[in-house]
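Chemist:
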């Protein structure tokens, strides 16, 4: 491997941070790294909001139902954003209708997520740690109001960053042949044996952890997860459409 | 900066490659780097298909309407995948209905896109280059048939990789204050002046390029882009729903 890939392979989610905020200089570096990810058609259909107001951080921690968010060293909210592009097109006298398509929503979301991964990697290269927050999507409507998002802008994920104050173990990923295929999706008949082996790996991982011994197998974890969807998440597409996106 | 961030800031899309396929060892390394990106709830709701069959590569180049895809050194298709999770839950006797929600589709897409950016960064750290292919979404139905995707699996993006045979210039990104905000989305009144400055930057970039002098300003480029949506893209959500995803 090399130092970049080594860094990637060391990734773990950090949710407990020292009481030290990121400097403006570091935040700006991270944004720059994010901006240099690929962007569809060079359109840069996303934006980033840094949440520095402690009240807003707390409100977002409540939306995400994760108290640690309020204690992060820095909190980014990544947005799919076609509002800026629509303004440009309107000024040129063009129709902005296309920006309400599912296609343009998904382009914005993809841009934002690619940038997010660059931000995480850049942060980890600076000795920081963090966690991607899908939980901000529990209430897309409330979060959109809190951040004063105009039409054609929706939240996609959050990134909580800081100086790590915990050292969690690496979570073992699936064996490659359960997730990486060649030329077509495989028939299902023979994944059971491989999954059983992975179940054992996950059991070992959980039993070696000092705390939070949550699940015995991967199968149990996934089954539990399938039963625990936040009701607000089932309003996500509707709430995105209220922001005038993903409508057709 | 540091060597990781320096690498990120040097990213440019590479679409022309030397006639040398990636070794299996390198492909495996890249998949491993991708797998170590964050994954929502540890569920790993995505899969990766490597396209090595020249006929399938050509078919995908036709779907994407980009001939260079057929000549890539390696082609990955990233998939949002809840099929594996649904199989596990079904085996445990649980209901799999939730996997057809928009929420679970978006979780799978996010997992796949985070992994994709890790793959690109890992590839670039090894001296490879590549380009993210949103264009595979022109015909989600055809691509799903070509790759024999079962229900609860949809393509999200492609990654074309190889040994670079071109040295494009860096595309200048927007100034930070057009894309990065604090605590709330800004009012629109004063972005015109900043956008005009960025228009000039883009004009300089295009006029300095040896080939493909396409647009004079960022505003013209975005306006042109708003007029050129592939008709198949407007069927994307419907095609995803045909795969039993994003239905509620």
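Residue numbers (our numbering), protein chains in the order written: chain U, 241 to 488; chain A, 241 to 488.
The beta carbon of each residue, even a glycine, is placed where N, CA and C say it ideally should be.
As the structure is a prediction and not an experimental result, all values here were calculated from the model.
1. Would you call the region 351 to 366 of chain A and the region 275 to 289 of chain A touching, i.e. three or more CB-CB distances under 8 Å?
2. Do we get a CB-CB distance below 7 Å when we pair residue 414 of chain A with the residues of chain U?
3. Which partner residues of residue 320 of chain U appear in the DSSP bridge assignment?
4. Go to residue 274 of chain U, then tell me how far its alpha helix (DSSP H) extends in each direction, as first and last residue.
5. Helix or strand or just coil, what does DSSP make of residue 377 of chain U?
6. DSSP three-state call for residue 314 of chain U: helix, strand or coil?
7. Is it the case that the region 414 to 425 of chain U contacts the region 374 to 388 of chain A, given that we only count it when at least three CB pairs across the two stretches are under 8 Å?
8. Taking a cut of 9 Å between CB atoms, which residues from the region 422 to 436 of chain U lie near chain A?
9. Is residue 253 of chain U near residue 329 of chain A, with beta carbons less than 7 Å apart?
10. Mind reading off the beta-carbon distance from residue 397 of chain A to residue 373 of chain A? Whole number of angstroms is fine, and I expect it under 8 Å.
11. The region 385 to 405 of chain A: which residues have C-beta closer than 9 Å to a C-beta of chain U, in chain order?
12. Suppose you measure from the CA of residue 322 of chain A to the CA of residue 419 of chain U; what does that come to, to the nearest Å?
13. Roughly how many whole angstroms lie between the Cα atoms of residue 380 of chain U and residue 316 of chain U?
14. Around the C-beta of residue 283 of chain A, are 16 or more other C-beta atoms found within 10 angstroms, so that it is buried, or is it exposed?
15. Return the chain-ordered list of same chain residues with a C-beta closer than 7 Å to the C-beta of residue 313 of chain U, the five sequence neighbours on each side being excluded.
16. Any chance the region 243 to 251 of chain U sits against the region 266 to 277 of chain A, with 3 or more Cβ pairs inside 8 Å?
17. Establish whether the CB of residue 463 of chain U and some CB of chain A are separated by less than 7 Å.
18. Do residue 303 of chain A and residue 378 of chain A have their C-beta atoms within less than 7 Å of each other?
19. With 7 Å as the threshold, decide whether the Cβ of residue 380 of chain U is near any Cβ in chain A.
20. Please list, in chain order, the chain A residues whose beta carbon lies closer than 7 Å to that of residue 484 of chain U.
21. Measuring CA to CA, which of U:376, U:457, U:409 is closest to residue 438 of chain U?
22. Whose C-alpha, out of U:474, U:441, U:485, U:269, is nearest the C-alpha of residue 375 of chain U?
23. Pull out every residue of the region 318 to 331 of chain A whose Cβ sits closer than 9 Å to any Cβ of chain U, in chain order.
24. From residue 366 of chain A to residue 359 of chain A, what does the alpha carbon distance come to, in whole angstroms?
25. 7 Å is my cut-off, CB to CB: does residue 251 of chain A come that close to chain U?
26. Can residue 445 of chain A and residue 412 of chain A be called in contact, C-beta distance under 7 Å?
27. Got a sec: which bits of the region 253 to 274 of chain A sit with their beta carbon under 8 Å from any beta carbon on chain U, in order along the chain?
28. Quick test of your reading: residue 485 of chain A and residue 355 of chain A, contact by CB under 8 Å. State the CB separation rounded to the nearest angstrom.
29. Between residue 292 of chain A and residue 301 of chain A, what straight-line distance do the alpha-carbon atoms span, to the nearest angstrom?
30. Determine whether the Cβ of residue 300 of chain U lies closer than 7 Å to any Cβ atom of chain A.
31. Verify whether the separation of the beta carbon atoms of residue 347 of chain A and residue 285 of chain A is less than 7 Å.
Modeler: Concretely, from the data shown:
1. yes
2. Against the second chain, residue 414 of chain A aligns to sequence position 174. At least one CB atom of chain U sits nearer than 7 Å to the CB of residue 414 of chain A.
3. To locate residue 320 of chain U, count along the first chain from 1; it is residue 80. Paired residue(s): U:286, U:394.
4. Here residue 274 of chain U is taken as the residue at index 34 of the first chain, counted from 1. Where residue 274 of chain U is concerned, the enclosing alpha helix (DSSP H) stretches over 264 to 275.
5. Position 137 of the first chain, counted from the start, is the residue given in the question as residue 377 of chain U. Here residue 377 of chain U sits in helix by DSSP.
6. Within the first chain, residue 314 of chain U is the residue found at index 74, counting from 1. Three-state result, residue 314 of chain U: strand.
7. yes
8. Using a CB distance below 9 Å, the part of the region 422 to 436 of chain U facing chain A consists of 422, 423, 424, 425, 426, 427, 428, 431, 432, 435, ordered along the chain.
9. The count along the first chain starts at 1 and reaches residue 253 of chain U at position 13. The count along the second chain starts at 1 and reaches residue 329 of chain A at position 89. No, the Cβ-Cβ distance between residue 253 of chain U and residue 329 of chain A is not below 7 Å.
10. What you label residue 397 of chain A is simply residue 157 of the second chain in a count that begins at 1. What you label residue 373 of chain A is simply residue 133 of the second chain in a count that begins at 1. Contact holds; Cβ gap of about 6 Å.
11. 386, 387, 388, 389, 390, 393, 396, 397
12. Along the second chain, read from residue 1 onward, the residue named residue 322 of chain A stands at position 82. Along the first chain, read from residue 1 onward, the residue named residue 419 of chain U stands at position 179. Cα to Cα, the separation comes out at about 12 Å.
13. As a position in the first chain, residue 380 of chain U is number 140, starting the count at 1. As a position in the first chain, residue 316 of chain U is number 76, starting the count at 1. Residue 380 of chain U and residue 316 of chain U: Cα-Cα distance of roughly 15 Å.
14. On the second chain, position 43 is the one that residue 283 of chain A refers to. That one is buried.
15. In the first chain, residue 313 of chain U corresponds to position 73, counting from 1. Once the five neighbours on either side are set aside, the close Cβ partners of residue 313 of chain U are 257, 260, 261, 262, 401, 402, 403.
16. Contact between the region 243 to 251 of chain U and the region 266 to 277 of chain A is present, because at least three Cβ pairs lie under 8 Å.
17. Start at 1 with the first residue of the first chain, and residue 463 of chain U comes out as number 223. At least one chain A Cβ lies under 7 Å of residue 463 of chain U.
18. Indexing the second chain from 1 puts residue 303 of chain A at position 63. Indexing the second chain from 1 puts residue 378 of chain A at position 138. For residue 303 of chain A and residue 378 of chain A, yes; Cβs fall inside 7 Å.
19. By 1-based counting over the first chain, the position of residue 380 of chain U is 140. Chain A, which has no Cβ nearer than 7 Å to the Cβ of residue 380 of chain U, makes this no.
20. Here residue 484 of chain U corresponds to residue number 244 of the first chain, with the count starting at 1. Under the 7 Å cutoff, chain A gives no residues; its nearest Cβ is about 14 Å from residue 484 of chain U.
21. The residue labelled residue 438 of chain U in the question sits at position 198 within the first chain. Of the candidates U:376, U:457, U:409, the one whose C-alpha sits nearest the C-alpha of residue 438 of chain U is U:457.
22. For this step, residue 375 of chain U is matched to residue 135 along the first chain. Out of U:474, U:441, U:485, U:269, U:474 has the C-alpha closest to the C-alpha of residue 375 of chain U.
23. Here the close residues are 319, 321, 323, 324, 325, 326, 327, 328, 329, 331.
24. Within the second chain, numbered from 1, the residue matching residue 366 of chain A stands at position 126. Within the second chain, numbered from 1, the residue matching residue 359 of chain A stands at position 119. Taking the straight line joining both Cα atoms gives about 11 Å.
25. Reading the second chain from its first residue, position 11 is the one you call residue 251 of chain A. So yes, residue 251 of chain A belongs to the interface.
26. Locating residue 445 of chain A in the second chain gives position 205, counting from the first residue. Locating residue 412 of chain A in the second chain gives position 172, counting from the first residue. Cβ distance < 7 Å, so residue 445 of chain A and residue 412 of chain A count as in contact.
27. Answer set for the region 253 to 274 of chain A: 253, 268, 269, 271, 272, 273.
28. The residue you call residue 485 of chain A lines up with position 245 of the second chain. The residue you call residue 355 of chain A lines up with position 115 of the second chain. Not confirmed; about 18 Å, so no contact.
29. Here residue 292 of chain A refers to the residue found at position 52 of the second chain. Here residue 301 of chain A refers to the residue found at position 61 of the second chain. It is roughly 13 Å from the alpha-carbon of residue 292 of chain A to the alpha-carbon of residue 301 of chain A.
30. Mapped onto the first chain, residue 300 of chain U falls at position 60. False, the Cβ-Cβ gap to chain A never drops below 7 Å.
31. Here residue 347 of chain A refers to the residue found at position 107 when the second chain is read from its first residue. Here residue 285 of chain A refers to the residue found at position 45 when the second chain is read from its first residue. For the pair residue 347 of chain A and residue 285 of chain A, the CB atoms are nearer than the 7 Å cut-off.
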